[in-house]
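Notes for the one structure printed next.
Residue numbers (the working numbering): 18 to 117.
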């Protein structure tokens, strides 16, 4: 199955398809479930968690480009049907963002 390490490398592969791509701007955080709570988590090939439902997957990645641009993109995706607790947490975070 697909795991954190595979997805981390896959995003680098996608970025490298751009002719102006120089390299990653930092080591990607590719974390599933509780690993997403570990600051600057970096999956290892041998111990990487498998991605499955239900759960939350976090990807924080970036690239540097010849034009001088640097990106930092963070995405969190819920796989499967979220629990009531997860829905309440999401709603509170969304309300906080709206209040900014």
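Note that the Cβ used here is the ideal one computed from N, Cα and C, for glycine as well.
Values in this document were obtained by computation on a predicted structure and should not be read as measured data.
Please determine if the segment 44 to 55 and the segment 20 to 29 are in contact, where contact requires at least 3 C-beta pairs separated by less than 8 Å. yes
In this structure, does DSSP put residue 44 in helix, strand or coil? Here residue 44 refers to the residue found at position 27 when the chain shown is read from its first residue. In this structure, residue 44 counts as coil in the three-state DSSP scheme.
Helix, strand or coil for residue 78 per DSSP? Within the chain shown, residue 78 is the residue found at index 61, counting from 1. DSSP places residue 78 in strand when its eight states are reduced to three.
Given that a residue counts as buried once 16 or more other Cβ atoms are within 10 Å of its Cβ, and exposed if not, what is residue 60? Stepping through the chain shown from its first residue, residue 60 is reached at position 43. Buried.
Which residues in the same chain as residue 24 place their Cβ atom closer than 6 Å to its Cβ, once the five residues preceding and following it in sequence are excluded? Locating residue 24 in the chain shown gives position 7, where the first residue counts as 1. These residues qualify, in order along the chain: 47.
For residue 53, three-class secondary structure by DSSP: Against the chain shown, residue 53 aligns to sequence position 36. Here residue 53 sits in helix by DSSP.
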